[in-house]
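Here is the structure we will look at, set down as structure tokens.
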Amino acid sequence: MAKNLLIVESPAKAKTINKYLGKDFTVLASYGHVRDLVPKEGAVDPDNGFAMRYDLIDKNEKHVDAIAKAAKSADALFLATDPDREGEAISWHIAEILKERGLLEGKTLQRVVFTEITPRAIKEAMSQPRAIASDLVDAQQARRALDYLVGFNLSPVLWRKVQRGLSAGRVQSPALRMIVEREEEIEAFIAREYWSIEAECAHATQAFTAKLNKLDGKKFEQFTVTDGDTAEAARKRIVAAAGGTLHVTDVVSKERKRRPAPPFTTSTLQQEAARKLGFTTRKTMQVAQKLYEGVAIGGEEGTVGLISYMRTDSVSLSAEALTELRDVIARDFGTRALPDKPNTYQTKSKNAQEAHEAVRPTSALRTPAQVSRHLSDDERRLYELIWKRAVASQMVPATLNTVSVDLAAGSEHSFRASGTTVVDPGFLAVYEEGKDSKSAEDEDEGRKLPAMKIGDRVPLERIHADQHFTQPPPRFTEAALVKALEEYGIGRPSTYASIIQTLQFRKYVEMEGRSFRPSDVGRAVSKFLSSHFTQYVDYDFTAKLEDELDAVSRGEEEWVPLMEKFWGPFKELVEDKTESVDRSEATGARELGTDPKSGKPVSVRLGRYGPYVQIGTVEDEEKPEFASLRPGQSMHTISLADALELYKLPRKLGLSNEHEVTVGIGRFGPFAKRGTTYASLKKEDDPHTIELARAVFLIEEKEEIARNRIIKSFEGSDIQVLNGRFGPYISDGKLNGRIPKDREPASLTLEEVTRLLEETGKPVRGRFGKKAAAKKEPAVKVAKKAAATKAPAKKAVAKKATKKATKKTAAKKVAKTTTAKTTAKKAVKKVAKKAKA
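Numbering (my numbering), first residue to last: 3 to 839.
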């Protein structure tokens, strides 16, 4: 066994680094976080200095055991998790676990940090070890505690007032508010009509167009002309005054420089990958992670990380990186493209812990063309983007020449034509930053005007007027949302992707094309929080809290006083709103009008299964009538007429096999019915428009599946061999088991299916993914059964029994401190030994 143990986060990184360090090192992966707060109320104790109760993450328990086993025989341990506060916290958790297990006595334990996975960077990092940075750990713990306290205290309020199963996050809630407020802007937007007037000029050397900028001696602005009659009258006046030609009255030529954009930070990488590659933020980070951790490129280098660490808000570059970039620029683009000294950029962040380097290639000498054959298409495209941006950032500015020409039509009217040409491309030879929208200046770029001078007369082809309408603000794309979050100071580089992922997972937002549209549930959550927890979804408050957490990471502020300042007022407000807020107000219920048939009020509300329309009230003698909204409808925009259309369900479609075929919407969604058979409609089927033939097809498809569902059953047993959606399987109604690929399902015996169900059985899940209820036995009873069970099942059952005893008995009877958990585990091991004996 190697004398040195080095621990990283991912197995891919471990594999790469292991090749660099040689036989004296064992490199293992923690597979991310190894401990987290217990998922129960009270995991953070505000009355005891915000003490935090941690537990091992189940899926990573085996990796922790492997690390512990290797640590026993190692002389020195190195913690090389990621170079941010999350990575620092993972190192701290690993160190705490090893300390609790008594594995650090007489051994050195040090923290090493590298921002790229190359032999040079690893060697340099190993020569400069340090202690775990307690300030970074405190900042991460404070952030985690805040998120926990917000989630565990706000979410129950949402369950009571809005809908069961909802959650509220400290950072996701302000992000949701942005999306909702933008949607409200769009709905409130009233389009304004305006007209533009253009001249088409037939210059001898090149035709061009010019926009009207003066009408009747006054500056022509966007809303100078707002209707067609006025526009046509103005056009005729200009045509008459021009007399077939325009007179050049002014020519202005200006030369300007455009500087390159800085190298990528996390947010600008996510924005640009969204614009240019169509990547989601999550995909960008996944692909970047692979490029960072290492790619096999062959030759002497073997496996090497191609980019530096991708979670950063710094735009600085190391001296070594700058030297290489300048060498590549001189080699490939000539010394003219190289500035006298390196270009420098200022980062917006004042947070030292994030201020590593910008995202850059680990070696600019590895051009995209050289490594492309070793990369997947997505990896190649992202690497090329990062490489080009870094190279361009160190090149000379582009030199542009803008020419503006004023052309008079008589004495009272004039037009202006502009064009911009590239004199020297500079960095534009490599890369140009993408933009979300084009300005007038952008439209002129690349447009070259013919040579003109004052006094020239330019033949006029025609003058035309065009109608336009102002457009509402666009919905947020991922790129635009990340940019807004960064500008407001909400979240940090490592959190943008998870914020967006959470909003989508909770179904608070839906994608419409590439833009976010808030769902009715999302709007209800946002409006409730904005109305009753205003301070905690306020952009400035959230940004200030982020700054304070950054101050903790820099050692400028203590984390417990920060928590105390937050917790007192927050807890008081939660308690007040739990009692005082009326639910109908919280969900955004509203009256739409009166039902012409019954004379009863029609309202739209948010219920347990989503938005619905209601005719009548609970106070009426007759029970109210309900109807669910159709896909694409919103409770915030639905009209009375649209709401009444929903009551045309259930619809009668006609007869089939002497039975009436109907369609409607039930608890589990739209369905078609014939006799006693119900068949769910597909996503593409609308119950309001589906025709008889399609409904009959779905019903008969369902009946055919039911007829062929049972492959084999066994007398006196609940076990059956069944046809399922993904192929044949075994089930007794409580457990579902797999069938070996080499076995014919119909030939299985009762003995075989019983054994297969024991070995591969998993609990049957209900409609909403919940496990079927099963009777639980006490851990002690399970342990006794384990002792009585014959090998080879003996060890497996005993192991399950001890695990249950750890999680159930220890969790209930032993205080959840880390010391107590260690004691509980030792006690359980004794039970296991007795069981084996």
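Think of the CB as a built atom: it goes at the ideal place given N, C-alpha and C, for glycine as much as any other residue.
Beta-carbon proximity check, residue i vs residue j, cutoff 9 Å
i, j, result
"R525", "N215", "no"
"T267", "P495", "yes"
"G280", "I501", "no"
"L271", "L138", "no"
"G412", "I240", "yes"
"N6", "F27", "yes"
"S630", "P603", "no"
"L160", "V527", "yes"
"L30", "A14", "no"
"I92", "V46", "no"
"R258", "T404", "yes"
"T364", "T120", "yes"
"R179", "F225", "no"
"F311", "T536", "According to the sequence provided, residue 311 is Tyr. The question's Phe does not apply to it. Against a cut-off of 9 Å, the Cβ pair of T536 and Y311 comes out as no contact."
"A244", "L505", "no"
"T282", "A276", "yes"
"T110", "L79", "yes"
"V317", "T305", "no"
"T369", "L402", "no"
"R391", "E274", "yes"
"K285", "E381", "no"
"V182", "K450", "no"
"L646", "H690", "no"
"V511", "Y498", "no"
Assigned exposure category for residue i - 16 Cβ within 10 Å defines buried
i, result
"L324", "buried"
"I732", "buried"
"I707", "exposed"
"N345", "buried"
"L608", "buried"
"P672", "buried"
"D578", "exposed"
"G595", "exposed"
"E548", "buried"
"A141", "buried"
"P794", "Its pLDDT being 42, under 50, P794 is placed unreliably in this model, and the coordinates cannot settle the point."
"S582", "exposed"
"H95", "buried"
"H65", "buried"
"V830", "Confidence at V830 is low in this model, with a pLDDT of 35, below 50, so its placement is unreliable and the value that follows should be read with caution. Counting Cβ neighbours within 10 Å, V830 comes out buried, since at least 16 surround it."
"I19", "buried"
"I9", "buried"
"S555", "buried"
Host beta strand (DSSP E) of residue i (start-end)
i, result
"R2", "What the structure shows of the chain is the stretch from 3 to 839, and residue 2 is not part of that stretch, so it cannot be assessed."
"Q112", "T110 to R113"
"N215", "A209 to L217"
"D38", "R37 to L39"
"R592", "R592 to T596"
"F417", "H415 to D426"
"K654", "R653 to S658"
"E662", "H661 to G668"
"G80", "Here the sequence assigns Phe to residue 80, which means Gly is not the residue at that position. Start and end: A78 to L81."
Within-9 Å CB hit, residue i to chain D
i, result
"A708", "Absent from the structure is chain D; it holds one protein chain and no more."
Continuous alpha helix (DSSP H) stretch holding residue i: start and end
i, result
"I701", "L694 to R709"
"V523", "D522 to H534"
"Y150", "S136 to K163"
"R676", "Counting along the chain, R676 falls outside any alpha helix (DSSP H), though it belongs to the beta strand (DSSP E) covering G671 to R676."
Residue i: CB within 8 Å of a non-hydrogen atom of the ligand ATP
i, result
"V289", "With respect to small molecules bound, the structure shown includes none, and the ligand ATP cannot be examined in it."
Discussion item. Whether or not the stretch 508–519 and the stretch 475–494 are in contact is what I'm after, with contact meaning three or more pairs of Cβ atoms, one per stretch, closer than 8 Å; do they touch?
Written reply: yes
Practice prompt. Just list the alpha helix (DSSP H) runs in the stretch 255–309, keeping only unbroken ones of 4 residues or longer that don't cross its boundaries, in chain order.
Written response: 268–279 and 283–295
Discussion item. Within 8 Å, do at least three Cβ pairs link the stretch 359–378 to the stretch 250–265?
Written reply: yes
Practice prompt. Please specify which runs of the beta strand (DSSP E), each continuous and at least 3 residues long, are wholly inside the stretch 332–401, giving them in chain order.
Written response: none
Fill in: Touching by the beta-carbon criterion (3+ pairs, under 8 Å), the stretch 464–472 and the stretch 426–438
no
Worksheet item: Can you list the alpha helix (DSSP H) stretches of 4 or more residues lying completely in the stretch 182–248, in chain order?
Response: 230–244
Discussion item. Quick check on the DSSP output: what are the complete beta strand (DSSP E) runs of length 3 or more inside the stretch 450–512, in order along the chain?
Written reply: 459–471
Worksheet item: Any contact of the stretch 698–718 with the stretch 668–682, i.e. 3+ C-beta pairs under 8 Å?
Response: yes
Practice prompt. Flag this pair as touching only if the stretch 62–71 and the stretch 97–114 have three or more C-beta atom pairs under 8 Å; answer yes or no.
Written response: yes
Item to complete: Report yes or no: do three or more beta-carbon pairs, one from the stretch 145–154 and one from the stretch 564–576, lie closer than 8 Å?
Response: yes
Item to complete: Could you name each continuous beta strand (DSSP E) segment of 3 residues or more that falls completely within the stretch 88–132, going from the start of the chain to the end?
Response: 110–113
Fill in: Whole runs of the alpha helix (DSSP H) within the stretch 18–75, excluding any shorter than 4 residues
63–75
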